[in-house]
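> The sequence shown maps to residues 26 to 415 in this note's numbering.
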Amino acid sequence: MSMRGFASFAILVVTFVNSAAFAQDHKDIARESSLALSDGWNLQSSGKVADSGDVISKPTYQPAGWYSVTVPTTVVAALVKERVYPDPNFGMNLRQFPGMTYPIGANFSNLPMEQDSPFATAWWYRKAFTIPAADKGKTIWLDFNGINYRANIWVNGKQIANLEQVAGAWRTYEFNITDIAQAGAENAVAVQVWAPGQNDLAITFVDWNPAPPDKNMGLWRNVEIKTSGPVALRYPAAVSHLNSPDNSAAELTVAAQLKNASNQTVKGILKGSIERIQFEQEVDLGPNEVKDVSFTPEKFSQLRVSNPRLWWPKQMGTPNLYPLHVEFDVDGRVSDSSNSQFGIREITSDLNENNHRVFKVNGKRILIRGGGYSADMLLRYDPKNIEDQF
26 MSMRGFASFA
36 ILVVTFVNSA
46 AFAQDHKDIA
56 RESSLALSDG
66 WNLQSSGKVA
76 DSGDVISKPT
86 YQPAGWYSVT
96 VPTTVVAALV
106 KERVYPDPNF
116 GMNLRQFPGM
126 TYPIGANFSN
136 LPMEQDSPFA
146 TAWWYRKAFT
156 IPAADKGKTI
166 WLDFNGINYR
176 ANIWVNGKQI
186 ANLEQVAGAW
196 RTYEFNITDI
206 AQAGAENAVA
216 VQVWAPGQND
226 LAITFVDWNP
236 APPDKNMGLW
246 RNVEIKTSGP
256 VALRYPAAVS
266 HLNSPDNSAA
276 ELTVAAQLKN
286 ASNQTVKGIL
296 KGSIERIQFE
306 QEVDLGPNEV
316 KDVSFTPEKF
326 SQLRVSNPRL
336 WWPKQMGTPN
346 LYPLHVEFDV
356 DGRVSDSSNS
366 QFGIREITSD
376 LNENNHRVFK
386 VNGKRILIRG
396 GGYSADMLLR
406 YDPKNIEDQF
């Protein structure tokens, strides 16, 4: 089995984080909001488009003859949906796709594409979208949760990222487009995507599943617009440590990332709450600074919790969850906030006398059970199909 790519697999999950919002009474500068950019995309091969990104990304551009698609989608998934190609899961249809000339049984992820393959060139994704007029004056962010593999990106005729900056199937990207985007008016984004090469660490199935002819190139995860005040709050998390073996107390560490989107120094207060537990600290951010901020039980004694309701895996107990609210206030107003849930639990492992690894949840041994699994060949997400497989 090749170690160059990632094989898709599943293991019985012993921990998770689930997002959920709950009501808060705040006077906000800008409570984080999200606009999904899913419907209304257009797709076409760069071999059939002579225009450049600064032209394609203008709101007035007309993508005549392009395919209408919904994101997330890989290029081949979109073309199968448009009936350009047959169902690759039926019979030998997959071998009828262009570029599928490699020997049967070979690992396509380790081989270069044929030069005449339609997927050896870049493909364009384009979407026109309107940002609500109410977002005028807010910081506007453009988020890509998955691009396979390399890309150039333009918004409203201006390039915001190039191939050196956007490379990697498993990375996420966030761009501040406040100075480019127009609230209350039509905007447009254009993404020029290239497939991974044979030496790239991309989305591959190795010997678990046949590889599609485009190597799953495209916008394979969600794209969205987010808004915030001058400072955005990202990646809130709570990490727990238990006083094993009786688990009568837990120490919590809460962390979040702050992103100053302005060219000025910003002073504010990072606040958090877990049920009745409240904590806060002052934070100074330099111009355009990104800072990770944490609350530790050593400095915030209220993060030492007595008799916590523990999170347990299935068949071992109740998966109790706590609500976590985090916000960053600037001049008495909320610049950004987040609501999520987390479980108080601790996962450890050690080696036994036979040199076998033993896993424990909250101090109790757990048998890790799982099996081989492959996602859909074209990365199409179907919850019912996944449920049926499991």
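Even glycine gets a Cβ: it sits at the ideal position worked out from N, Cα and C.
Grab the span of the alpha helix (DSSP H) containing N410 for me, first residue to last.
Taking the first residue of the sequence shown as position 1, residue 410 is located at position 385. Start and end: 408-414.
> From the DSSP output, in three-state form, read off V74 for me.
In the sequence shown, residue 74 corresponds to position 49, counting from 1. Coil.
> To which residues of the same chain is R390 closer than 8 angstroms at the C-beta, ignoring the five residues directly before and after it?
Residue numbering aside, residue 390 sits at position 365 when the sequence shown is read from its first letter. Same-chain partners within the cutoff: V383, F384.
> Tell whether a beta-carbon distance below 8 angstroms holds between I369 and P333.
The residue labelled residue 369 in the question sits at position 344 within the sequence shown. The residue labelled residue 333 in the question sits at position 308 within the sequence shown. Cβ atoms of I369 and P333: closer than 8 angstroms.
> At the level of alpha carbons, what is the spacing between L283 and V318?
Looking up residue 283 in the sequence shown gives position 258. Looking up residue 318 in the sequence shown gives position 293. About 7 angstroms.
> With distances taken Cα to Cα, identify the nearest neighbour of F23 among Q327, G311, N67.
The question about residue 23 has no answer, for the chain in this structure spans 26 to 415.
> So, helix, strand or coil for D50, using DSSP?
For the purposes of this step, residue 50 is taken as residue 25 along the sequence shown, with counting starting at 1. Low confidence applies to D50: its pLDDT is 33, below 50, so where it sits in the model is not reliable enough to give any reading.
> Take V308 and list the residues in its own chain whose beta-carbon comes closer than 8 angstroms to its own, dropping the five residues that flank it on each side.
On the sequence shown, residue 308 is found 283 positions in, with the first residue counted as 1. These residues qualify, in order along the chain: L283, K292, G293, I294, L295, K316, V318, F353.
> I need the DSSP call for D309, collapsed to helix, strand or coil.
Translated into the one-based positions of the sequence shown, residue 309 becomes position 284. In this structure, D309 counts as strand in the three-state DSSP scheme.
> From A299 to Y347, what does the alpha carbon distance come to, in whole angstroms?
Counting from 1 along the sequence shown, the entry for residue 299 is found at position 274. Counting from 1 along the sequence shown, the entry for residue 347 is found at position 322. Note on identity: in this sequence residue 299 is Ile, with Ala being the wrong assignment. Spanning the two alpha carbons is a distance of roughly 7 angstroms.
> What number of angstroms, rounded off, separates the C-alpha of A281 from the C-alpha of S363?
As a working mapping, residue 281 is identified with position 256 in the sequence shown. As a working mapping, residue 363 is identified with position 338 in the sequence shown. Approximately 10 angstroms between the Cα atoms of the pair.
> Would you mind reading off the limits of the beta strand (DSSP E) that contains K161?
Your numbering for residue 161 matches position 136 in the sequence shown. Taken as a continuous stretch (DSSP letters only), K161 belongs to no beta strand (DSSP E), as it is neither H nor E.
> Can you list, in chain order, the residues of its chain with a C-beta nearer than 6 angstroms to that of R120? Leave out the 5 residues immediately preceding and following it.
Residue mapping note: residue 120 aligns to position 95 of the sequence shown, counting from 1. Excluding sequence neighbours, R120 sits near nothing in its chain.
> Within the continuous beta strand (DSSP E) that includes V383, where are the two ends?
Stepping through the sequence shown from its first residue, residue 383 is reached at position 358. Start and end: 382-386.
> Pull up the distance between the alpha-carbon of V96 and that of P157, whole angstroms please.
Here the question's residue 96 lines up with position 71 in the sequence shown. Here the question's residue 157 lines up with position 132 in the sequence shown. Going by the C-alpha atoms only, they are around 21 angstroms apart.
> Quick check on the DSSP output: what are the complete alpha helix (DSSP H) runs of length 4 or more inside the region 86-123, in order along the chain?
Those alpha helix (DSSP H) runs which fall completely within the region 86-123 and span 4+ residues are 100-106.
> Starting from F154 and walking both ways along the beta strand (DSSP E), at which residues does that stretch end?
Stepping through the sequence shown from its first residue, residue 154 is reached at position 129. That run of the beta strand (DSSP E) goes 148-155.
> Quick one: grab the DSSP three-state call for S326.
Walking along the sequence shown from the start, residue 326 turns up at place 301. Correct three-state label for S326: helix.
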